[in-house]
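All remarks here apply to the structure that follows.
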Amino acid sequence: MNTPLEIFISIITLFVLGSLFGWVIELFFRRFFSQKKWMNPGFLVGPYLPIYGFGTVALYVLSNIDLTAVGLSDQNIWGILIKILMIAAMMVLVEFIAGLIFIKGMKIKLWDYSDRKGNIMGIICPSFSLIWLVVGALYYFLVNQHLVEAIYWLASEQHQIYYFFIGIVLGMMIVDFAYSIHLATKIREGAKKNKIIINLDKFRENIKEKTKTAKELINEKKKKGHGFFFPFRGRKTTISEDVDEFVQNGDNEKENTDET
-17 MNTPLEIFIS IITLFVLGSL FGWVIELFFR RFFSQKKWMN PGFLVGPYLP
33 IYGFGTVALY VLSNIDLTAV GLSDQNIWGI LIKILMIAAM MVLVEFIAGL
83 IFIKGMKIKL WDYSDRKGNI MGIICPSFSL IWLVVGALYY FLVNQHLVEA
133 IYWLASEQHQ IYYFFIGIVL GMMIVDFAYS IHLATKIREG AKKNKIIINL
183 DKFRENIKEK TKTAKELINE KKKKGHGFFF PFRGRKTTIS EDVDEFVQNG
233 DNEKENTDET
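So this is what it looks like as structure tokens:
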């Protein structure tokens, strides 16, 4: 029987692993399928995507939920089917809530499915919902049992040195989140003033192109990675001014809105 502390550490581990692995997935997806270039896919500076962390925790909870109270079990085909459908629904819900929070609260669009059939607000769409269904099924059948065993072993109180390590990683993510939210509020100010929704990927690319001065080109090798992880550094303009210029460029990746 796991102690409350071990369960807490297990959940934190799932969140961190999911965030890191999700970042890697998005990195390669954008490189080979969407933007066709290497670019930081995350809202945060570091190599992690919290939305995948929350999704991984949801996968774990739903994969191990006890359905015997409703007459179903993991030995029953209907029980397995219900679990997989619940997992897919939860993943889509996490994606929708995260996207909606940023669009409505921060005036930022982290991803855009507007060009896909059946999309809702460009946040979710049937094709990607199907992908989450497949991912959920693969996790349930191939990953869950082995991952849970490994994490429970790591989170056991006899491995308290691991608590220190995972605490440092989580602390870095929290600091990164605070820094990124600070940047997001500045972007939000410019977006609200211009009554638009900012497509974050396009905005980052705009910033990177603008800050690519002749001096930076000469020192490109020395500054390798600067624009990848810190695209908003090394500028003489404010983020609000960057947003104004982004709007003037007439980029089609932004959306008009009547909200203030």
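In the numbering used here, the protein residues as written are -17 to 242.
Where is the CB? At the ideal position from N, CA and C, for every residue including glycine.
From a predicted model like this one, the values you see are computed outputs, not experimental measurements.
- Query: For S96 versus G87, is the C-beta distance shorter than 7 angstroms?
  - Reply: Taking the sequence shown and counting its residues from 1, the one referred to as residue 96 is at position 114. Taking the sequence shown and counting its residues from 1, the one referred to as residue 87 is at position 105. Going by C-beta atoms, S96 is not nearer than 7 angstroms to G87.
- Message: Taking only three categories from DSSP, how would you classify N101?
- Response: Residue mapping note: residue 101 aligns to position 119 of the sequence shown, counting from 1. Reduced to three states, the DSSP call for N101 is coil.
- Message: With the cut-off set at 7 angstroms, would you say I133 and S(-8) are in Cβ contact?
- Response: Within the sequence shown, the letter at position 151 stands for residue 133. Within the sequence shown, the letter at position 10 stands for residue -8. Contact: yes.
- Message: Tell me whether P108, by its Cβ, gets closer than 6 angstroms to a heavy atom of the ligand MG.
- Response: Looking at this structure, you won't find the ligand MG or any other ligand, since it has none at all.
- Confirm, please, whether the CB-CB distance from V27 to F(-3) is below 7 angstroms. Position 15 of the sequence shown, counted from the first residue, corresponds to residue -3. Position 45 of the sequence shown, counted from the first residue, corresponds to residue 27. Against a cut-off of 7 angstroms, the Cβ pair of V27 and F(-3) comes out as no contact.
- Query: How many Å lie between R98 and S222 at the Cα?
  - Reply: Position 116 of the sequence shown, counted from the start, is the residue given in the question as residue 98. Position 240 of the sequence shown, counted from the start, is the residue given in the question as residue 222. Those two C-alpha atoms are separated by around 31 angstroms.
- Simplified DSSP assignment, three categories, for K91: Taking the first residue of the sequence shown as position 1, residue 91 is located at position 109. In the three-state reduction of the DSSP assignment, K91 falls in the strand class, which pools E and B.
- Alpha carbon of E187 to alpha carbon of I79, nearest angstrom: Against the sequence shown, residue 187 aligns to sequence position 205. Against the sequence shown, residue 79 aligns to sequence position 97. Their Cα atoms are separated by approximately 25 angstroms.
- Through-space distance from A119 to F84, alpha-carbon basis: Here residue 84 refers to the residue found at position 102 of the sequence shown. Here residue 119 refers to the residue found at position 137 of the sequence shown. Taking the straight line joining both Cα atoms gives about 28 angstroms.
- Message: Given a cut-off of 7 angstroms on the beta-carbon distance, is the pair F100 and V76 in contact?
- Response: Position 118 of the sequence shown, counting from 1, holds the residue named residue 100. Position 94 of the sequence shown, counting from 1, holds the residue named residue 76. Going by the sequence as given, residue 100 is Gly instead of Phe. No, they are not a contact pair.
- Task: Could you please give me the residues that DSSP links to I106 through a beta bridge?
- Result: Numbered from 1 along the sequence shown, position 124 holds the residue referred to as residue 106. Beta-bridge pairing links I106 to I102.
- Task: Pick out whichever of I143, G153, S138, I90 has its Cα sitting closest to the Cα of N(-16).
- Result: As a working note, residue -16 is residue 2 in the sequence shown. Comparing Cα-Cα distances from N(-16) to each of I143, G153, S138, I90, the minimum goes to S138.
- Note down, in chain order, each residue of its chain lying with its Cβ closer than 8 angstroms to the Cβ of I66, except the 5 sequence neighbours on either side. By 1-based counting over the sequence shown, the position of residue 66 is 84. Same-chain partners within the cutoff: L115, G118, A119, Y122.
- Three-state secondary structure (DSSP) of P23: Within the sequence shown, residue 23 is the residue found at index 41, counting from 1. When DSSP states are grouped into helix, strand and coil, P23 belongs to the coil group.
- Message: Once the 5 residues before and after Y34 are set aside, which same chain residues still bring their CB inside 6 angstroms of it?
- Response: Reading the sequence shown from its first residue, position 52 is the one you call residue 34. Within the same chain, Y34 has close Cβ partners G0, S1, G4.
- Task: Please classify P32: does DSSP put it in a helix, a strand, or coil?
- Result: The residue labelled residue 32 in the question sits at position 50 within the sequence shown. Note: P32 maps to helix in three-state DSSP.
- Query: Which residue comes first and which comes last in the alpha helix (DSSP H) that contains Y121?
  - Reply: If you number the sequence shown from 1, residue 121 lands on position 139. Per DSSP, Y121 lies in no alpha helix (DSSP H) and is assigned neither H nor E.
- Between which two residues does the alpha helix (DSSP H) containing F78 stretch? The residue given as residue 78 occupies position 96 in the sequence shown. DSSP places F78 in the uninterrupted alpha helix (DSSP H) bounded by 59 to 83.
- Task: From the DSSP output, in three-state form, read off K246 for me.
- Result: There is no way to answer for residue 246, as the model of the chain reaches only from -17 to 242.
- Message: Rounded to whole angstroms, what is the Cα-Cα separation between L41 and D48?
- Response: Counting from one through the sequence shown, the residue named residue 41 turns up at place 59. Counting from one through the sequence shown, the residue named residue 48 turns up at place 66. Distance from the CA atom of L41 to the CA atom of D48, rounded to whole angstroms, is 14 angstroms.
- Item | First and last residue of the uninterrupted alpha helix (DSSP H) at S55 | In the sequence shown, counting from the first residue as 1, residue 55 sits at position 73. Segment: none, S55 is in no alpha helix (DSSP H) and carries neither H nor E.
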